[in-house]
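Numbering (UniProt numbering), first residue to last: 1 to 696.
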């Protein structure tokens with residue numbers, strides 16, 4: 001996540017001010033919360049146990065926009081100061097003392113806790129979930145925005161509704177409340193963690209429980225309607241868990257592990273300790289698995305349970321120790337599952353992205369606290385690939401083990417890690433730090449040379465590219481002479497993506513006849529217009545077991561061969577596609593703008609397409625629907641109301657896209673009046689946004 005200079009300054013201030021608390025050690029928190037989802041409200045009570053390390057005149061907790069009803073110290077009510085962001089208890093605390101501080105409060109969080117589906121007519125889609133990373137748990141629980149304060153958090157969650165509750169730690173009890181007025185879910189953590197890793201999810205879930213080879217229980221949650229998708233969604237989970245324990249060389253440090261998909265999650269996933277929450281867009285069937293699966297996210301969030309949860313950065317300057325490491329070990333897990341070729345080609349793709357970024361003078365150093373995700377994740381992973389190659393796999397593994405064991409349940413800096421690597425390797429790694437951690441540029445030539453040495457298909461790829469660059473008029477001839485000798489599917493796929501638009505129909509036809517699924521996909525993706533000679537072969541792609549291929553083939557065929565549009569629509573009717581309904585949304589749009597196709601059903605098609613803009617659908621689905629409706633002039637008042645509502649959505653990139661679509665709509669004459677006509681149907685927040693947008 002890219003951080004603005006203002007945000008970076010704010011985080012720095014928070015970090016520095018948090019250090020005043022180093023005279024006190026908060027040890028344990030007993031948390032009781034009672035969500036009232038229909039009101040977006042949480043009633044809470046928390047009791048912290050803390051030790052006084054040095055004489056100090058006050059203690060504080062971060063607490064954003066909470067309403068406190070009482071605060072007590074060692075069981076006695078005390079006065080407190082609260083400025084809307086931090087609550088402070090002023091008292092002389094003597095070194096060596098042990099105390100408790102308790103607080104009762106109400107939270108109505110505008111971020112960090114999200115209440116979805118409670119105000120619509122759809123049954124069993126209700127959810128509550130948290131996302132503390134970057135937004136802070138202090139919006140719903142008095143806690144610590146400073147990551148260096150680690151506490152054992154035990155949660156009790158009271159819920160009147162009969163839904164499943166998932167949270168950090170072991171579920172010790174689920175009790176029916178007196179008068180059968182709801183349930184109490186009680187969770188126990190055994191080790192301390194930073195506050196941002198406290199999390200919970202509530203919803204209509206079933207679960208499948210498996211066990212790692214080391215005996216760790218792994219709970220895999222899913223909505224009952226998705227029971228057929230459990231296997232492809234969580235495919236390789238046990239393998240990933242066992243692989244990471246073996247590869248890292250340090251046992252999984254927590255008592256259990258849970259994964260739960262939620263609607264409209266802000267990111268791909270979040271590594272709340274023992275309780276990963278992830279986007280339900282990764283809940284997929286076996287066909288979707290080919291193009292979009294949960295394997296990488298699964299491995300990434302699990303790897304964070306060592307790198308981030310067990311050892312935690314002191315500040316964002318050291319964020320490489322979280323995201324770079326989780327990305328690196330996720331790639332290693334994928335390598336173990338999908339093979340070396342998959343691994344090295346993926347690294348090449350990330351290297352090209354980083355090189356493009358660097359060439360645009362946007363390169364960032366890994367020690368830049370305000371760097372973006374491409375830097376922390378992908379450049380961070382590359383740094384570890386090259387460091388492992390520099391010191392050797394066994395030495396690297398030993399250094400990582402020493403680092404994790406030495407700083408377990410503590411906070412770390414980049415020098416802490418580098419010192420351990422220098423110890424075990426007996427090497428001076430200052431040149432590595434200069435090139436990979438402090439240098440904003442990406443050393444593309446060096447990594448390409450590395451990849452060519454490691455992977456023969458990548459070496460062949462660059463050799464062929466050089467030959468074709470020398471004789472661009474001989475591109476097809478060079479490929480034809482070498483094609484039968486190429487064994488790597490990744491190599492063939494990338495060559496077709498690069499040069500497919502320059503190849504003859506005859507050669508492309510032979511590739512379609514003999515190639516694997518991803519290479520066939522590359523053929524259709526590389527074409528700006530399908531040659532008539534390839535029409536029949538391309539029609540066969542409508543039956544491929546790939547939603548990405550079918551979507552591309554349907555659009556390309558419908559566009560290039562208008563006389564067969566009804567045929568193509570009939571062949572693909574009923575295919576939904578990915579969880580975002582990519583194929584169905586395209587199909588509905590094409591069906592609407594094909595005049596001769598099912599004229600009696602046009603109204604039904606439009607109602608279905610416009611219905612996907614509603615808030616009960618995932619934001620990805622809604623955005624695609626908005627874009628298609630915009631392209632065909634299909635903005636009814638209902639669609640416009642949904643668009644305005646989307647302009648305040650909690651997912652920032654969807655909110656941004658919705659605002660851009662709305663602003664574009666307002667440029668046309670008469671549309672401002674249409675929007676103003678919706679005012680009686682809008683919430684106060686939506687009206688305020690529109691007034692600001694319209695300059696009123």
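Each residue gets a CB set at the ideal place from its N, CA and C atoms; glycine is no exception. No experiment lies behind these values; they were computed from the predicted model shown.
Give me, in chain order, the residues of the same chain whose beta-carbon lies closer than 7 Å to that of residue i; leave out the 5 immediate sequence neighbours on both sides.
{"i": "residue 620", "result": "281 and 580"}
{"i": "residue 401", "result": "249 and 250"}
{"i": "residue 333", "result": "240, 243, 244 and 299"}
{"i": "residue 588", "result": "605, 608 and 609"}
{"i": "residue 268", "result": "278, 279 and 297"}
{"i": "residue 657", "result": "623"}
{"i": "residue 292", "result": "284 and 578"}
Skipping 5 residues on each side, what residues in its chain have a beta carbon closer than 8 Å to that of residue i?
{"i": "residue 710", "result": "Since the displayed the chain opens at 1 and closes at 696, residue 710 lies outside it and no answer follows."}
{"i": "residue 509", "result": "533, 534 and 537"}
{"i": "residue 677", "result": "637"}
State the CB to CB distance for the pair residue i and residue j, rounded to an integer number of angstroms; the pair is presumed to be in contact (CB under 8 Å).
{"i": "residue 327", "j": "residue 377", "result": "5 Å"}
{"i": "residue 226", "j": "residue 295", "result": "About 17 Å; that fails the 8 Å criterion."}
{"i": "residue 244", "j": "residue 299", "result": "7 Å"}
{"i": "residue 151", "j": "residue 109", "result": "The Cβ separation is near 20 Å, so there is no contact."}
{"i": "residue 551", "j": "residue 577", "result": "6 Å"}
{"i": "residue 120", "j": "residue 615", "result": "7 Å"}
{"i": "residue 399", "j": "residue 420", "result": "5 Å"}
{"i": "residue 170", "j": "residue 259", "result": "Not confirmed; about 16 Å, so no contact."}
{"i": "residue 501", "j": "residue 528", "result": "6 Å"}
If the criterion is Cβ atoms closer than 8 Å, does the pair residue i and residue j meet it?
{"i": "residue 708", "j": "residue 307", "result": "This structure does not reach residue 708, given that the chain is present from 1 up to 696, and the question cannot be answered."}
{"i": "residue 272", "j": "residue 198", "result": "yes"}
{"i": "residue 49", "j": "residue 149", "result": "no"}
{"i": "residue 242", "j": "residue 189", "result": "no"}
{"i": "residue 276", "j": "residue 301", "result": "yes"}
{"i": "residue 517", "j": "residue 485", "result": "no"}
{"i": "residue 261", "j": "residue 279", "result": "yes"}
{"i": "residue 497", "j": "residue 515", "result": "no"}
{"i": "residue 90", "j": "residue 53", "result": "no"}
{"i": "residue 437", "j": "residue 355", "result": "no"}
{"i": "residue 411", "j": "residue 147", "result": "yes"}
{"i": "residue 407", "j": "residue 311", "result": "yes"}
{"i": "residue 131", "j": "residue 341", "result": "no"}
Excluding the 5 residues flanking residue i on each side, which residues of the same chain have their C-beta closer than 6 Å to its C-beta?
{"i": "residue 503", "result": "476"}
{"i": "residue 213", "result": "242"}
{"i": "residue 164", "result": "205"}
{"i": "residue 364", "result": "371, 375 and 440"}
{"i": "residue 468", "result": "475 and 478"}
{"i": "residue 666", "result": "672"}
{"i": "residue 594", "result": "565"}
{"i": "residue 4", "result": "Unreliable placement is indicated for residue 4, whose pLDDT of 39 sits below 50; the coordinate value is still reported in the next sentence. Excluding positions up to five away in sequence, the list is empty."}
{"i": "residue 14", "result": "Legend: pLDDT at residue 14 = 40, less than 50; position of this residue unreliable, value from coordinates given subsequently. Excluding positions up to five away in sequence, the list reads 145."}
{"i": "residue 695", "result": "none"}
{"i": "residue 85", "result": "64"}
{"i": "residue 19", "result": "Residue confidence for residue 19 is low, a pLDDT of 43 falling below 50, so the modelled location carries little weight; the figure read from the coordinates is stated next. Cβ neighbours of residue 19 beyond the five flanking positions: none."}
{"i": "residue 124", "result": "204"}
{"i": "residue 234", "result": "220"}
{"i": "residue 681", "result": "641"}
{"i": "residue 42", "result": "33, 35, 107 and 140"}
{"i": "residue 575", "result": "583"}
Using only the heavy atoms of the ligand NAP, determine whether one of them is closer than 7 Å to the beta carbon of residue i.
{"i": "residue 490", "result": "No copy of the ligand NAP occurs in the structure displayed, which carries no ligand at all."}
Three or more C-beta pairs closer than 8 Å, one from the stretch 74-86 and one from the stretch 114-126: is that the case here? Here the stretch 74-86 makes no contact with the stretch 114-126; the two share fewer than three CB pairs at distances below 8 Å.
Inspect the CB distances between the stretch 60-76 and the stretch 134-148 and report whether three or more fall short of 8 Å. yes
Evaluate the contact criterion for the stretch 181-191 versus the stretch 160-167: three or more CB pairs, one atom per stretch, below 8 Å. yes
Is the stretch 682-694 touching the stretch 633-640 in the sense that three or more CB pairs, one from each, lie closer than 8 Å? no
Below 8 Å, how does it come out for the stretch 235-254 and the stretch 97-111: are there three or more Cβ pairs, yes or no? no
Could you give the uninterrupted runs of the alpha helix (DSSP H) lying entirely in the stretch 224-266, keeping only those of 4 residues or more? 230-233 and 237-248
Please determine if the stretch 65-74 and the stretch 24-36 are in contact, where contact requires at least 3 C-beta pairs separated by less than 8 Å. no
Starting from the N-terminal side, write out each stretch of the beta strand (DSSP E) that is 3 residues or longer and does not extend beyond the stretch 382-440. 410-412
Please go through the stretch 27-57 and give each complete beta strand (DSSP E) segment of 3 or more residues, from N-terminal end onward. 41-52
Determine, using beta-carbon pairs with one atom in the stretch 658-665 and one in the stretch 624-636, whether at least three such pairs fall under 8 Å. yes
For a minimum of 3 consecutive residues, which ranges assigned as the beta strand (DSSP E) are wholly contained in the stretch 315-358? none
Would you call the stretch 336-354 in contact with the stretch 451-466, where contact means no fewer than 3 C-beta pairs closer than 8 Å? yes
As an exercise, report each continuous alpha helix (DSSP H) stretch of at least 4 residues that is fully enclosed by the stretch 576-627, in chain order. 582-592 and 602-611
Threshold first: 3 residues or longer. Then list the beta strand (DSSP E) segments lying entirely within the stretch 74-123, N to C. 86-93, 98-107 and 113-116
Can you list the alpha helix (DSSP H) stretches of 4 or more residues lying completely in the stretch 489-519, in chain order? Listed in chain order, they are 489-499 and 505-514.
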